[in-house]
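Protein sequence lines correspond, in order, to chains A and B. Residue numbers for the first sequence follow this note's numbering, beginning at 265 and rising by one. Residue numbers for the second sequence follow this note's numbering, beginning at 24 and rising by one. Ideal Cβ placement from N, Cα and C applies to all residues, glycine included. Worksheet: the structure to be examined is printed underneath.
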Amino acid sequence: MSVGMPLLQDLEERFTHAVVAFLGDDGYPMSVATAFSVQPERGVVVLDTVAGEAASPPEDREVNVVFSHIRPQPGQGYDERRYVSFWGRLHRTDGHLELVPERVQHWDEQEMSFFEFSERGVPQAHRYMDQLSKETGRPVKPRLSAGWLFLRATRLPFLSATFVPVALGAAVAASHGEWHWWLAILTLIAASCVHLGLNVANDVFDTASGVDQANVNPTQFSGGSRVIYYGLLSMRQMVLIMLGFYALGTGIGLYLAVSRGFWPLFWIGVAGLFISVFYTAPPFRFVHRGLGEICVALGFGPIMTIGAYYVQAKAWSWEAIYASLPVGILIALVLYVNEVPDRPADATAGKRTLPVRLSKRTVIAAYAAAVTVSFGLVLFGSVFGVIPRPAIVALAAIPLALPVYRGLQASYENPYALMPAMAKNIQLHLSAGLLLTLGYVVAIVANHISSSPPAFLR
Amino acid sequence: MGVLPEPIEELLESALVGELTVIDEQGRPVTHPLIPLYDGERIYLTSSVLFSKKLEHIKSNPRVSLSISDPKAVNVERFRRATIQGDATVDDSDLHAGWERKVLPLWRVKEPAIDFFLGKRVALPLFFERGIIEIRPRRAFLWEDGRTDLPPQVFEPVEAGR
Numbered sequence: 265m266s267v268g269m270p271l272l273q274d275l276e277e278r279f280t281h282a283v284v285a286f287l288g289d290d291g292y293p294m295s296v297a298t299a300f301s302v303q304p305e306r307g308v309v310v311l312d313t314v315a316g317e318a319a320s321p322p323e324d325r326e327v328n329v330v331f332s333h334i335r336p337q338p339g340q341g342y343d344e345r346r347y348v349s350f351w352g353r354l355h356r357t358d359g360h361l362e363l364v365p366e367r368v369q370h371w372d373e374q375e376m377s378f379f380e381f382s383e384r385g386v387p388q389a390h391r392y393m394d395q396l397s398k399e400t401g402r403p404v405k406p407r408l409s410a411g412w413l414f415l416r417a418t419r420l421p422f423l424s425a426t427f428v429p430v431a432l433g434a435a436v437a438a439s440h441g442e443w444h445w446w447l448a449i450l451t452l453i454a455a456s457c458v459h460l461g462l463n464v465a466n467d468v469f470d471t472a473s474g475v476d477q478a479n480v481n482p483t484q485f486s487g488g489s490r491v492i493y494y495g496l497l498s499m500r501q502m503v504l505i506m507l508g509f510y511a512l513g514t515g516i517g518l519y520l521a522v523s524r525g526f527w528p529l530f531w532i533g534v535a536g537l538f539i540s541v542f543y544t545a546p547p548f549r550f551v552h553r554g555l556g557e558i559c560v561a562l563g564f565g566p567i568m569t570i571g572a573y574y575v576q577a578k579a580w581s582w583e584a585i586y587a588s589l590p591v592g593i594l595i596a597l598v599l600y601v602n603e604v605p606d607r608p609a610d611a612t613a614g615k616r617t618l619p620v621r622l623s624k625r626t627v628i629a630a631y632a633a634a635v636t637v638s639f640g641l642v643l644f645g646s647v648f649g650v651i652p653r654p655a656i657v658a659l660a661a662i663p664l665a666l667p668v669y670r671g672l673q674a675s676y677e678n679p680y681a682l683m684p685a686m687a688k689n690i691q692l693h694l695s696a697g698l699l700l701t702l703g704y705v706v707a708i709v710a711n712h713i714s715s716s717p718p719a720f721l722r
Numbered sequence: 024m025g026v027l028p029e030p031i032e033e034l035l036e037s038a039l040v041g042e043l044t045v046i047d048e049q050g051r052p053v054t055h056p057l058i059p060l061y062d063g064e065r066i067y068l069t070s071s072v073l074f075s076k077k078l079e080h081i082k083s084n085p086r087v088s089l090s091i092s093d094p095k096a097v098n099v100e101r102f103r104r105a106t107i108q109g110d111a112t113v114d115d116s117d118l119h120a121g122w123e124r125k126v127l128p129l130w131r132v133k134e135p136a137i138d139f140f141l142g143k144r145v146a147l148p149l150f151f152e153r154g155i156i157e158i159r160p161r162r163a164f165l166w167e168d169g170r171t172d173l174p175p176q177v178f179e180p181v182e183a184g185r
């Protein structure tokens, strides 16, 4: 039986011609195009004969028959790339050449994205560069400019997850009459360092545990930075970067603790660091146990918000904790949705995240429920005066949740088609968090302008 | 005028894809669709390290052939098909930037979108670590109207004075 049977079925519809390649008697390969037809029931490709001695494919040796297709897009390049490559021997029959494929290779970008096709080539890239290193006697490694490498290694754009709770905590404090801009900046730097330390730690432990190697569907939003796996930075370099961020964040945190109230800020910092380090690090590896969302909700919700509040006000605040809950839920949902495309690789590496554990239906239903709870808290809090009434403006972010919900339903199994939904989900968190903070700013300004502002501005 | 006959040069300058055949370690042909580039003397192709098996094969056996066969992938007034046999070398002395210096200008002419993709280098860093395949043509075959059921015209490249 032909090894290429499934591919033969629609070969004539997908390709216009074949190219037959063979090794000529002079030692050079020869390749020549010809028309073809298929007899799928016999598992045979029938090729038209080629004229001319030098170009005529032989019967006494293996040939490679290739079908290749692209669709040119003028000025842009091309799409619809696909090829099928068969190997076998030709047999002359009725003025034609017949091939029963013995080996096959194929790729169709509509079945496997170019990104996945590329990811599957990473081991070959390493083999090639390792061999080249041996041949040249110098290390051959991939490179990126320092700026891009820093951005990629730290996953810098995700800092919005830190900016929102810190800004919110400071805004709540300001609404209580406590505002020190330089302390807000120091808090933001310290929290950012811990966040970047977490991002780098995540990569260090994911590479060590084999998660990165198992993942052939990384996206802009999921799958980690992969800088160690790609060879852009060494494990040692990443560990040093991780320690550097944690050290800087801890140092600034200790300064704030000493100057603004040691023990409360000390324990807030310890809680944040504990979650950050053991999110992926053994022995707890919270994300491997399906606790990643709770850790992220706590760390980028109440812990950062109350920390930022305490630095400003030197006091606790239930209101700050309440205000942080919608933000914490929404940032947990960013992780939750970003884990959807990673779930085959995560499962392989024993990283039992919620999308690994739950069915598609449950994952999507839980997303909708969590978004409802998040915005329900905003509505309840602003209507009943737990948070300022202008904070109700955060509900304006709700429409951003709809494309995420629809994207999950339509593209749950397709990592690259899910990317727009992942992007919208990040926008949802950022928009809701900033609007919530804006609500506080409006209330602060209203109180500043008038000693008795209207109820809807308080 | 370059080393190859004008109709073949026209195909090389227009083709968005050609089929490069190399010989594997067991002496068998392996064909890869690639974008061919031509400077009037040599044919250039580049390969990412992600798909670098072909570079290994060329280093072991430099004899290659390149076909231009797809009427949809060329924009010429009169369609023809061509195959060029030659000796290839691999330049991987600077995977990161060597191809940018040597072949990016030619690539840009044929596929302007390459600059857009190059701007996204951070997203696919290994894809842009590339070796250059440089083919010195040895013999060329041309099929008028793409009719390979008729014997090809055979040409030896014009190397005199170069």
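When 7 Å is used as the limit between beta carbons, K76 (chain B) is near these residues of chain A: Q388, in chain order. In summary, G50 (chain B) is exposed, with fewer than 16 beta-carbon neighbours lying within 10 Å of its beta-carbon over all protein chains present. Straight-line measurement puts the Cα of A665 (chain A) at about 6 Å from the Cα of L692 (chain A). Secondary structure at Y67 (chain B): strand, using DSSP grouped into helix, strand and coil. The segment 696-704 of chain A makes contact with the segment 646-661 of chain A: 3 or more CB pairs, one atom from each, lie closer than 8 Å. Rounded to the nearest whole angstrom, the C-alpha separation of Y347 (chain A) and F286 (chain A) is 18 Å. For the segment 371-401 of chain A, the set of residues with a beta-carbon nearer than 7 Å to any beta-carbon of chain B comprises S382, G385, V386, Q388, A389, Y392, M393 and L396, in chain order.
Excluding sequence positions up to five before and after D312 (chain A), its CB lies within less than 8 Å of the CB of T298, A299, F300, H360 and L361, all in the same chain and listed in chain order. Here K688 (chain A) is buried: its Cβ has 16 or more other Cβ atoms, across all protein chains shown, within 10 Å. Pairing G63 (chain B) with G109 (chain B) gives a Cβ-Cβ distance that is not under 7 Å. Judged by DSSP secondary structure, G703 (chain A) falls outside any beta strand (DSSP E) and instead within the alpha helix (DSSP H) spanning M683 to I713.
For I334 (chain A), the chain B residues whose Cβ falls inside 9 Å of its Cβ are L39, V40, P56, D93, K95 and A96, in order along the chain.
For the pair I31 (chain B) and L165 (chain B), the CB atoms are nearer than the 7 Å cut-off. Put simply, of A:H440, A:T451, A:Y669 and A:P679 the residue whose alpha carbon is nearest the alpha carbon of F427 (chain A) is A:T451.
Just measuring C-alpha positions, the residue of A:G649, A:R625 and A:A661 sitting nearest F639 (chain A) is A:A661.
At the C-beta level, G697 (chain A) and V591 (chain A) come within 7 Å of one another. Contact between Q374 (chain A) and S349 (chain A) is absent: CB atoms are separated by about 17 Å, not below the 8 Å threshold. Sequence-ordered contacts of the segment 267-287 of chain A with chain B read T280, H281, V283, A285, F286 and L287 [C-beta pairs closer than 8 Å]. Closer than 7 Å to the CB of E603 (chain A) there is not a single CB belonging to chain B. For the 7 Å CB-CB criterion, T106 (chain B) and S88 (chain B) form a contact.
Taking a Cβ-Cβ threshold of 8 Å, the residues of chain B close to P293 (chain A) are T44, V45, I46, P52, R86, V87, S88 and Q108, in chain order.
Residue pairing for R335 (chain A): DSSP places it in a beta bridge opposite A:D343. DSSP, reduced to helix, strand and coil, places Q576 (chain A) within a helical segment of the structure shown. Interface annotation, E152 (chain B): in contact with chain A, CB-CB separation under 7 Å.
A634 (chain A) places its beta carbon 7 Å or farther from that of I567 (chain A). Under the three-pair Cβ rule at 8 Å, the segment 379-399 of chain A counts as touching the segment 71-90 of chain B.
Identification of residues in the segment 296-328 of chain A having a C-beta nearer than 9 Å to some C-beta of chain B yields V296, A297, T298, A299, D312, T313, V314, A315, G316, E317, A318, A319, R325, E326, V327 and N328, given in sequence order.
For the C-beta of V330 (chain A), the chain B residues within less than 8 Å are, from N- to C-terminus, E42, T54 and P56. Take the alpha-carbon of F509 (chain A) and the one of D93 (chain B): they are about 54 Å apart. Contact annotation, T483 (chain A) with M686 (chain A): C-beta distance approximately 7 Å; criterion of less than 8 Å satisfied. Per the C-alpha coordinates, the member of A:G533, A:M506 and A:R419 positioned closest to G461 (chain A) is A:M506.
When only Cα atoms are considered, A561 (chain A) and G614 (chain A) end up about 22 Å apart.
Here G614 (chain A) is not bridged, per DSSP, to any residue. For D372 (chain A), the three-state secondary structure derived from DSSP is strand. Excluding its 5 nearest sequence neighbours in each direction, C457 (chain A) has C-beta neighbours in its own chain below 6 Å: F509, L512 and G513, listed in chain order. Taking 4 residues as the minimum length, the alpha helix (DSSP H) runs contained wholly in the segment 117-150 of chain B are 121-125, 127-133 and 137-142, in order along the chain.
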